[in-house]
Amino acid sequence: MKSFITQRLLGGKSGAIGFLIISALILVVFPLFLDLFRLNLVGKYLTYAFVAVGLVLLWGYVGILSLGQGVFFGLGGYCMAMFLKLEASSPENTAIQSTPGIPDFMDWNQITELPWFWEPFSSFGFTLLAILVIPALFAFIIGVAMFKRRVGGVYFAIITQAIALILTVLIVGQQGYTGGINGITDLRTLNGWDIRDDSAKYILYFVNAFLLLACVVLVRYLMTGKFGRLLLAMKDKEDRVRFSGYDVSNFKIFIFCVAAMISAIGGAMFTLQVGFMSPSFVGIVPSIEMVIFAAVGGRMSVIGAVYGALFVSFGKTFFSESMPEVWLYLMGALFIAVVMFFPNGLAGVYDKYKGKLFSLLNRKKTGTPQDKVEPSTKSNVVAEPDKASLSVDDAHSEKSTS
Amino acid sequence: MEYSFAELQAIFVMQGFAGLSLFSVLLLMALGLAIIFGQMGVINMAHGEFMAVGAYTTYVLSTLTEEYFPGAMDVYFLVAIVASFFIASALGYLTEWGLIRHLYKRPLDTLLATWGLSLIMQQLFRSIFGAREVSPTLPDWLMGSYQPTEMIDIPLNGLFVLGLTLFVTVGVYFLMYRSRWGLRVRATTQNRVMSGAVGINTKKVDRLTFALGCGIAGIAGAAFTTIASTGPTTGSLYIVDTFMVVVFGGAASLFGTIASAFSIAQAQSIMEFFISSSMAKVLTLLTIVLILMLRPEGLFSSKIRK
Numbered sequence: 001m002k003s004f005i006t007q008r009l010l011g012g013k014s015g016a017i018g019f020l021i022i023s024a025l026i027l028v029v030f031p032l033f034l035d036l037f038r039l040n041l042v043g044k045y046l047t048y049a050f051v052a053v054g055l056v057l058l059w060g061y062v063g064i065l066s067l068g069q070g071v072f073f074g075l076g077g078y079c080m081a082m083f084l085k086l087e088a089s090s091p092e093n094t095a096i097q098s099t100p101g102i103p104d105f106m107d108w109n110q111i112t113e114l115p116w117f118w119e120p121f122s123s124f125g126f127t128l129l130a131i132l133v134i135p136a137l138f139a140f141i142i143g144v145a146m147f148k149r150r151v152g153g154v155y156f157a158i159i160t161q162a163i164a165l166i167l168t169v170l171i172v173g174q175q176g177y178t179g180g181i182n183g184i185t186d187l188r189t190l191n192g193w194d195i196r197d198d199s200a201k202y203i204l205y206f207v208n209a210f211l212l213l214a215c216v217v218l219v220r221y222l223m224t225g226k227f228g229r230l231l232l233a234m235k236d237k238e239d240r241v242r243f244s245g246y247d248v249s250n251f252k253i254f255i256f257c258v259a260a261m262i263s264a265i266g267g268a269m270f271t272l273q274v275g276f277m278s279p280s281f282v283g284i285v286p287s288i289e290m291v292i293f294a295a296v297g298g299r300m301s302v303i304g305a306v307y308g309a310l311f312v313s314f315g316k317t318f319f320s321e322s323m324p325e326v327w328l329y330l331m332g333a334l335f336i337a338v339v340m341f342f343p344n345g346l347a348g349v350y351d352k353y354k355g356k357l358f359s360l361l362n363r364k365k366t367g368t369p370q371d372k373v374e375p376s377t378k379s380n381v382v383a384e385p386d387k388a389s390l391s392v393d394d395a396h397s398e399k400s401t402s
Numbered sequence: 001m002e003y004s005f006a007e008l009q010a011i012f013v014m015q016g017f018a019g020l021s022l023f024s025v026l027l028l029m030a031l032g033l034a035i036i037f038g039q040m041g042v043i044n045m046a047h048g049e050f051m052a053v054g055a056y057t058t059y060v061l062s063t064l065t066e067e068y069f070p071g072a073m074d075v076y077f078l079v080a081i082v083a084s085f086f087i088a089s090a091l092g093y094l095t096e097w098g099l100i101r102h103l104y105k106r107p108l109d110t111l112l113a114t115w116g117l118s119l120i121m122q123q124l125f126r127s128i129f130g131a132r133e134v135s136p137t138l139p140d141w142l143m144g145s146y147q148p149t150e151m152i153d154i155p156l157n158g159l160f161v162l163g164l165t166l167f168v169t170v171g172v173y174f175l176m177y178r179s180r181w182g183l184r185v186r187a188t189t190q191n192r193v194m195s196g197a198v199g200i201n202t203k204k205v206d207r208l209t210f211a212l213g214c215g216i217a218g219i220a221g222a223a224f225t226t227i228a229s230t231g232p233t234t235g236s237l238y239i240v241d242t243f244m245v246v247v248f249g250g251a252a253s254l255f256g257t258i259a260s261a262f263s264i265a266q267a268q269s270i271m272e273f274f275i276s277s278s279m280a281k282v283l284t285l286l287t288i289v290l291i292l293m294l295r296p297e298g299l300f301s302s303k304i305r306k
């Protein structure tokens, strides 16, 4: 049992240390040292981290780059926003409208009846289910259509990008049903509980943090063990896995759905914490920014993805406030630098110096330098296929020795 | 509202011509991309920005001509097209040398790096030319319209762009399929190692191919200025459409690119007459995505063994 927790859920000793550090940072350090406004911002960044964690699974492990993860973030966010909006548009609150009881933007667009697809979202249970099921279903359809025909690589990236564009144009164009470019705004209560007051903001922050950590553990669980090895093998030599009798496309579809669901949870938490949802979190630009979160963190490191999301979003807020014209240069340079010089991101830098760091610490403690460094299975990312498959062998030897 | 037959005919012709204008711009942009993506397998997300380079070059030349050689206003536009080509291709050459050549084995990373490049270029445009949209002063012979009948009204700038597109397409065809250089490019696409073995300098081929693709994007930008004004983010508005054109047509097929640009542009502009333009765009893109799901290799796939 104990080895199940440390090996499968936390990813060994170094993984457990990393997990403890990030938990302490999110659950203790930020709430203690940041005022509520900043904490709310951090909460918003952490909702992006959900998408980045999903991308680590999808891109880092299976090698599928989706440029449409904003779609799933948006679907989750819009599901939650529709529920909150219906609650905020009770007939008493909207008595001044020509049709009371429907959301204000529908009234502005001369719609007199609640559209059929809005109806079920008055139920909280349905909404929670929809947040997970709708994105998963959507991902499933895309996944079946693409992976069964062995579409992958850049084609998949382009097509998911087109899907993100389609959804954005649709949301913006159908103003009466979706709130248009402004999105769904002015959200107030969740089952009568005011989500805008201070205590609610604290509670939502912690709910968000726990959900994120749970997703991290879930992804860790999927990555370790036989299943994770298979994913890695698929990324390195897909044909060999297929020839060994595995149905590669089913694995890909499954992972795509899981990543979609994780992103959707992030989107729903975003709506709750920020109080609105708009198409600017669905389209091509946010989707590709979410990829850079994962890339900065290290595309094969789940915890790195959380740091990446925090780091890049913090930078974005900081520079957009002080010198907005510099930010796009920095962002562009970040894309190029991460790809050219740090393909393993922050996690790669950490892994590179981890050995030195630990041996330094150990020498101080015991006086004997320890040369055994954990084989870094999670870092040999973009290396040539043969090198990466070596790392799979490493993983096996690690398992047999432990 | 009832239309008479003659009116319907006129609407059909004009709407069809609007589609042809869209087709010309899409095709000009897609040709460059088809060369880069189809022949080299490189995703250049900054392609739209190379187009903007062409558009801004035209704008600068127009302002300079107006300032110093007002008499040359009639011919400056032709010079601008050539200049756009050379400036954009020079930038493309530099990009290939500085960025792309390090990433040939990692196509997805190229995508991210060129996206970063596009962000930098957009901000550069904004810093130099301002956030407002600009448009060059067009020579007189591009203004006005051609009226074959009472009701039909065809703008001259659209005709010019159509002609330019035909010229560039034919040029690309001869370059790719009827010249030694094109032979080398196609050989490198089909088998890089073998091409190297028979003495083709594949690195040089790559660099020139990329520069050519960017140069054509520059021409597209110059042509674009006759139809709409240019802003820092103009390029990024068209990039997804352009990629869809190339993928839909079948990446390595010149004929496929032409056919898909034509069908996409016509579908969109004819639908725009009946439903809102955003819904027309949604329906067009959705149809392409659905067709691509059924036929991932595009309309006309090349018979290359992968």
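Here the protein sequences line up with chains A and B, keeping their order. Residues in the first sequence are numbered consecutively from 1, following my numbering. Residues in the second sequence are numbered consecutively from 1, following my numbering. In this text, a Cβ means the ideal position worked out from N, Cα and C, and glycines have one as well. All values reported here derive from a predicted model rather than from experimental measurement.
*Coil, strand or helix - V170 of chain B by DSSP*: If DSSP states are grouped into helix, strand and coil, V170 of chain B belongs with the helices.
*asked:* Quick check: what's the CA-CA separation for T234 of chain B versus F358 of chain A?
replied: Those two C-alpha atoms are separated by around 51 Å.
*Taking DSSP as the reference, what is the three-state secondary structure of T137 of chain B?*
Three-state DSSP puts T137 of chain B in coil, outside helix and strand.
*Which residue's Cα is closest to the Cα of R106 of chain B: A:I262, A:I64 and A:P286?*
The residue with the shortest Cα to Cα distance from R106 of chain B is A:I64.
_Proximity test, Cβ basis, 9 Å: V193 of chain B and chain A_ = Cβ-Cβ to chain A under 9 Å: no for V193 of chain B.
*Is the segment 61-75 of chain B close to the segment 273-281 of chain B, with three or more CB pairs under 8 Å?*
Segments in contact, no.
*What are the boundary residues of the alpha helix (DSSP H) that Y104 of chain B is part of?*
No alpha helix (DSSP H) contains Y104 of chain B, which DSSP labels as neither H nor E.
*Which residues of chain A have a Cβ atom closer than 8 Å to the Cβ of V289 of chain B, listed in chain order?*
Within chain A, the residues near V289 of chain B are I159, A162, I163 and I166.
*Residues in the segment 102-130 of chain B with C-beta within 9 Å of chain A's C-beta atoms, listed in sequence order?*
Taking 9 Å as the Cβ-Cβ cut-off against chain A, the residues of the segment 102-130 of chain B that qualify are H102, L103, K105, R106, P107, L108, D109, T110, L111, L112, A113, T114, W115, G116, L117, S118, L119, I120, M121, Q122, Q123, L124, R126 and S127.
*Could you check which residue in B:W141, B:I216 and B:P148 has the C-alpha nearest to that of V172 of chain B?*
The shortest Cα separation from V172 of chain B among B:W141, B:I216 and B:P148 belongs to B:I216.
*Taking only beta-carbon atoms, is P343 of chain A less than 9 Å away from chain B?*
In terms of beta-carbon proximity, P343 of chain A lines the interface with chain B, with at least one pair separated by less than 9 Å.
*Where DSSP assigns a beta bridge to D194 of chain A, which residues make up the other side?*
Note: D194 of chain A sits in a beta bridge opposite A:T189.
*Would you give the residue range spanned by the alpha helix (DSSP H) that G18 of chain A belongs to?*
Counting along the chain, the unbroken alpha helix (DSSP H) around G18 of chain A starts and ends at G12 to A24.
*For the alpha helix (DSSP H) that contains M82 of chain A, what are its first and last residues?*
Note, M82 of chain A: alpha helix (DSSP H), Q69 to A88.
_For K352 of chain A, count the other beta carbons within 10 Å of its own beta carbon; 16 or more makes it buried, fewer makes it exposed. Which is it?_
In the assembly as shown, K352 of chain A is an exposed residue. Its beta-carbon has fewer than 16 other beta-carbons within 10 Å.
*Go through its chain and collect everything with a Cβ distance to K13 of chain A's Cβ below 6 Å, but skip five positions before and after it.*
Beyond the five residues adjoining it in sequence on each side, K13 of chain A comes within less than 6 Å, by CB distance, of no other residue in the same chain.
*Please check the pair R220 of chain A and G15 of chain A, which I expect to be a contact at CB under 8 Å, by giving their CB distance rounded to whole angstroms.*
Yes, R220 of chain A and G15 of chain A are in contact; Cβ-Cβ is about 7 Å, under 8 Å.
*For the alpha helix (DSSP H) containing F274 of chain B, list its first residue and its last residue.*
Per DSSP, F274 of chain B is one residue of the alpha helix (DSSP H) stretching across L254 to F274.
*asked:* Run through chain A and tell me which residues come within less than 7 Å of S276 of chain B, C-beta to C-beta.
replied: Residues of chain A passing the Cβ test: G173.
*Residue span of the alpha helix (DSSP H) that contains M300 of chain A, given as start and end*: Element bounds for M300 of chain A: n/a, residue is neither H nor E.
*Would you tell me roughly how many angstroms separate the C-alpha atoms of L86 of chain A and F248 of chain B, rounded to the nearest one?*
Rounded to whole angstroms, L86 of chain A to F248 of chain B spans 41 Å at the Cα level.
_Residues of chain C with CB closer than 9 Å to the CB of M340 of chain A, please, in chain order._
The structure shown contains no chain C; its protein chains are A and B.
*Among A:K201, A:L84 and A:I102, the one whose alpha carbon lies nearest that of E92 of chain A*: Closest by alpha carbon: A:I102.
*Given T242 of chain B, which residues of its chain have a CB within under 6 Å of its CB, disregarding the five upstream and five downstream residues?*
Spatial neighbours of T242 of chain B in its own chain (CB-CB distance under 6 Å, excluding positions within 5 residues in sequence) are listed in chain order as M29, A30 and L33.
*Alpha carbon to alpha carbon, what distance is there between E133 of chain B and E150 of chain B?*
Between E150 of chain B and E133 of chain B, the alpha-carbon positions lie close to 34 Å from each other.
*Which first and last residues belong to the alpha helix (DSSP H) in which N40 of chain A is found?*
Segment L36 to L55, the alpha helix (DSSP H) holding N40 of chain A.
*Run of the alpha helix (DSSP H) containing G438 of chain A, from where it starts to where it stops*: Outside the shown range of chain A (1 to 402) lies residue 438 of chain A, about which nothing can therefore be said.
*Between the segment 112-120 of chain B and the segment 226-233 of chain B, are three or more C-beta pairs nearer than 8 Å?*
Because the criterion of three Cβ pairs below 8 Å is not met, the segment 112-120 of chain B and the segment 226-233 of chain B do not touch.
*Does DSSP put T230 of chain B in a helix, a strand or coil?*
Assignment of T230 of chain B by DSSP, reduced to helix, strand and coil, places it in the strand class.
*At a CB-CB cut-off below 7 Å, which residues of chain A make contact with P296 of chain B?*
The contacting residues are R149, V151 and Y155.
*Can you tell me where the alpha helix (DSSP H) with L22 of chain B in it begins and where it stops?*
Residues F5 to L33.
*Residues of the segment 70-83 of chain A with a CB closer than 7 Å to any CB of chain B: list them in chain order, please.*
Of all residues in the segment 70-83 of chain A, none has a C-beta nearer than 7 Å to a C-beta of chain B.
*Name the chain A residues that come within less than 8 Å of L31 of chain B, Cβ to Cβ?*
Chain A residues near L31 of chain B: none, gap ~17 Å exceeds 8 Å.
*Just confirm the distance between the C-beta atoms of L55 of chain A and V291 of chain A, as a whole number of angstroms; I'd bet it's less than 8 Å.*
With a contact defined as Cβ atoms closer than 8 Å, L55 of chain A and V291 of chain A qualify at about 6 Å.
_G76 of chain A beta carbon less than 9 Å from that of I303 of chain A_ = Not in contact: I303 of chain A and G76 of chain A (Cβ atoms no closer than 9 Å).
*Tell me whether the beta-carbon of M406 of chain A lies closer than 9 Å to the beta-carbon of P296 of chain B.*
This structure gives no information on residue 406 of chain A, because the portion of chain A shown stretches from 1 to 402.
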